[in-house]
Amino acid sequence: MNESNQRGSQRASRTSVTLHFLLGASFVLSAPATIAQQRFEHPATFRASQFVAPNLLSGANFRVDDHVTNDGYLNIFTIYSNYGEMRAVSDAMLEKRVGEIKAIAQLKQISRSDAFKKGLKQASGRVLEGAKGAITDPIGTLTGAVSGVGALFRRAGQSMTESAKTETEDSRFKRATGFSTIKRQYAFNLGIDVYSRNKALQKELDSVTQATQFGGLLVSVGMLAIPGGAGIALRMTKTSKALNEVFLNSTPTDLRARMRKQIAEMGINSGTGEMFLHNSMFTLREQVEIVEALFQIRGAKNRGAFLAFAAHTDNADVAFFRNRQAQMYLGYHLAVAQIREFVGVGSIAAAATRDGIIIFNVPLDYLVWTQDMAAIIGRANANVDAMPGIKGKELWLSGQLSALAREQLTNAGWKVVAKTGDRLLHDS
């Protein structure tokens, strides 16, 4: 195995561990004995073109490695860009990173303008935190067990008096001097996430914002309307799009106040809410979108069950997964059938409809029938079958699944609905 394939295999293994816990480790540990008699598949390597559109495979400033590792649940992509090598866990994250790479190119184009050079000169060498140095690992995921899930209750004992600032938020100095307001305006105009974990993007945003703040470079839509600027961020989920102006006009303090108000109005225990808000594995945008999605599932009982489950997240990949999962439940509630309540199925937060159907919504790229998955379904069946008034069970996937996985799930009594991403997450 060459070095590249070995590294991909290690990453897949770490992500597989993440999803093992994510979907229900307790199910796997108590697997039914019948599993030993089943046929199983193993995670595989695919071509990137099998899953994503051509415009996501290459561009002026990036190229996606054609070999994609699938860990049985999610696709793991490697992006080679002019701004560093990036890793994207899931088709959705790849789309986000490509949008950010295009935005970085636009910001660099701004930085080459006469207005920017004048602003930078007037800034007289005032360099902000984090603005120096080359970014060789833009996402911070090229080494280390990024996808590993640690102790789920690690943050439960944190102080509840003040929410922790996530690493993608600006410092108090930047917020107090108006820097953050200008930065949010640029992000809004470019259609990108101002709280993104992408360090290369943050560096360019900070640089242009600095020239604006200290040198008088004006923020305007016209300035950003340069060749290739349209549609930089590609698609956004319906929830994310609806919140764009909220993120533009709100400080982190405002956003946390908004979430606390919504959590209280949903009747969720304040301790659960604070544990979620203190979990710095989430970006602020991910947290706001999760709370907003739950808030919009109006009339559903026990929404705190999902928030409590999310509060135990200990990994950035899982945080992104939880964000999209919450939005899938909202999409289901609005477009398919109303959710009556959230229920715990073992260690999985599922939902029950008013018609007595148990729903598992999961943003997976390509599901295969592994021994772990068989154990999860076996224990899920035991839990669901013990619930009174349940008439059926359904698994909704944003992506695809193998023929064997569909066959085994159908045999186990599940209705499987695949490729639901556009229906539940995006405007059709």
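In terms of the working numbering, the sequence shown is residues -14 to 413.
Where a beta carbon is used, it is the ideal one built from N, C-alpha and C, also for glycine.
Over the uninterrupted alpha helix (DSSP H) stretch that includes H318, give me the two end residues.
-> For the purposes of this step, residue 318 is identified with residue 333 of the sequence shown, where counting begins at 1. Run containing H318: A301 to A320, per the alpha helix (DSSP H) assignment.
Within this structure, are the beta carbons of L389 and R24 separated by less than 9 Å?
-> As a first step, residue 389 must be located in the sequence shown, where it is residue number 404. As a first step, residue 24 must be located in the sequence shown, where it is residue number 39. The answer is yes: Cβ separation under 9 Å.
Have a look at I177 and S225 and give me their C-alpha separation to the nearest angstrom.
-> Taking the sequence shown and counting its residues from 1, one reaches residue 177 at position 192. Taking the sequence shown and counting its residues from 1, one reaches residue 225 at position 240. Rounded to whole angstroms, I177 to S225 spans 10 Å at the Cα level.
Opposite I362 in the DSSP bridges: which residues?
-> Locating residue 362 in the sequence shown gives position 377, where the first residue counts as 1. Paired residue(s): none; I362 is not in a bridge.
Along the chain, where does the beta strand (DSSP E) that runs through M266 open and close?
-> Sequence index remark: in the sequence shown, residue 266 carries index 281 (1-based). Taken as a continuous stretch (DSSP letters only), M266 belongs to no beta strand (DSSP E), as it is neither H nor E.
Closest to V321 by CA distance: which of I253, V330 and W381 is it?
-> Position 336 of the sequence shown, counted from the start, is the residue given in the question as residue 321. Just measuring C-alpha positions, the residue of I253, V330 and W381 sitting nearest V321 is W381.
R391 (DSSP reduced to helix, strand or coil) = Mapped onto the sequence shown, residue 391 falls at position 406. Residue state for R391 is assigned as helix, using DSSP reduced to three classes.
Beta-carbon proximity list for N254, same chain, < 7 Å, skipping 5 on both sides = For this step, residue 254 is matched to residue 269 along the sequence shown. G289.
Buried or exposed for Q312, please, with buried defined as at least 16 other CB atoms from any protein chain shown within 10 angstroms of its CB.
-> As a working note, residue 312 is residue 327 in the sequence shown. The Cβ neighbour count for Q312, taken over all protein chains shown within 10 Å, is at least 16; the residue is labelled buried.
Contact set for M78: own chain, Cβ-Cβ below 7 Å, skip 5 residues either direction | Position 93 of the sequence shown, counting from 1, holds the residue named residue 78. Excluding positions up to five away in sequence, the list reads F305.
Classify Q393 as buried or exposed, calling it buried when 16 or more other Cβ atoms lie within 10 Å of its own Cβ.
-> The count along the sequence shown starts at 1 and reaches residue 393 at position 408. Buried.
Distance, A296 Cα to T338 Cα = The residue you call residue 338 lines up with position 353 of the sequence shown. The residue you call residue 296 lines up with position 311 of the sequence shown. Looking at the two C-alpha atoms, the distance is approximately 24 Å.
Got a sec? Which residues, its chain only, sit under 7 Å from A73 by beta carbon, not counting five neighbours each side?
-> Start at 1 with the first residue of the sequence shown, and residue 73 comes out as number 88. Excluding residues within five positions, the ones whose Cβ falls inside 7 Å are F62, I64, L79 and R82.
In the DSSP assignment, find the unbroken beta strand (DSSP E) run with E326 in it and report its ends.
-> For this step, residue 326 is matched to residue 341 along the sequence shown. Boundaries of the beta strand (DSSP E) around E326: I324 to V330.
Buried versus exposed, by CB contacts within 10 Å (16 or more), P28 | Along the sequence shown, one-based indexing puts residue 28 at 43. Result: buried.
Start-to-end residues for the alpha helix (DSSP H) that takes in T54 = The sequence position of residue 54 within the sequence shown is 69, counting from 1. According to the DSSP assignment, T54 belongs to no alpha helix (DSSP H) but to the beta strand (DSSP E) extending over H52 to N55.
Measure the C-alpha to C-alpha separation of Q355 and N174 and round it to an integer number of angstroms.
-> Locating residue 355 in the sequence shown gives position 370, where the first residue counts as 1. Locating residue 174 in the sequence shown gives position 189, where the first residue counts as 1. The sequence shown places Thr at residue 355, rather than the Gln named in the question. C-alpha separation (whole angstroms): 44 Å.
Tell me, please, which residues DSSP counts as bridged to L409.
-> Counting from 1 along the sequence shown, the entry for residue 409 is found at position 424. Per DSSP, L409 has no beta bridge partner at all.
Are the Cβ atoms of N60 and D407 separated by less than 9 Å?
-> Locating residue 60 in the sequence shown gives position 75, where the first residue counts as 1. Locating residue 407 in the sequence shown gives position 422, where the first residue counts as 1. Against a cut-off of 9 Å, the Cβ pair of D407 and N60 comes out as no contact.
Considering only residues of the same chain and omitting the five flanking positions on each side of Q385, which have a CB-CB separation below 7 Å?
-> Here residue 385 refers to the residue found at position 400 of the sequence shown. Same-chain partners within the cutoff: Y351, A403 and K404.
Candidates N396, P348, N346 and V347: closest to N366 by CA position = For the purposes of this step, residue 366 is taken as residue 381 along the sequence shown, with counting starting at 1. The option with the nearest alpha carbon to N366 is N396.
Between which two residues does the beta strand (DSSP E) containing A336 stretch?
-> Along the sequence shown, read from residue 1 onward, the residue named residue 336 stands at position 351. Unbroken beta strand (DSSP E) run through A336: I333 to T338.
Measuring CA to CA, which of F294, I344 and G331 is closest to L315?
-> To locate residue 315, count along the sequence shown from 1; it is residue 330. Looking from the CA of L315, the closest CA among F294, I344 and G331 belongs to I344.
Three-state class that DSSP yields for E26 in the structure shown | Start at 1 with the first residue of the sequence shown, and residue 26 comes out as number 41. Of the three classes helix, strand and coil, the one that applies to E26 here is coil, per DSSP.
Classification of N234 by the beta-carbon crowding that lies within 10 angstroms, buried from 16 upward | Position 249 of the sequence shown, counting from 1, holds the residue named residue 234. By the Cβ-count criterion, N234 is exposed, with fewer than 16 other Cβ atoms from all chains shown falling within 10 Å of its own Cβ.
Just to confirm, are N346 and Q310 a CB contact at a threshold of 9 Å?
-> For the purposes of this step, residue 346 is taken as residue 361 along the sequence shown, with counting starting at 1. For the purposes of this step, residue 310 is taken as residue 325 along the sequence shown, with counting starting at 1. Against a cut-off of 9 Å, the Cβ pair of Q310 and N346 comes out as a contact.
Mark T238 as exposed unless 16 or more other C-beta atoms lie within 10 angstroms of its C-beta, in which case mark it buried.
-> Locating residue 238 in the sequence shown gives position 253, where the first residue counts as 1. It is exposed - the Cβ of T238 has fewer than 16 other Cβ atoms within 10 Å.
Do F267 and A293 have their CB atoms nearer than 9 Å?
-> Position 282 of the sequence shown holds residue 267. Position 308 of the sequence shown holds residue 293. With contacts defined by Cβ atoms closer than 9 Å, F267 and A293 do not form a contacting pair.
Give the single residue among A196, R270, R245 and A249 whose Cα lies nearest to the Cα of A227.
-> The residue labelled residue 227 in the question sits at position 242 within the sequence shown. Nearest of A196, R270, R245 and A249 to A227, Cα basis: R270.
Helix or strand or just coil, what does DSSP make of F345?
-> Against the sequence shown, residue 345 aligns to sequence position 360. Of the three classes helix, strand and coil, the one that applies to F345 here is strand, per DSSP.
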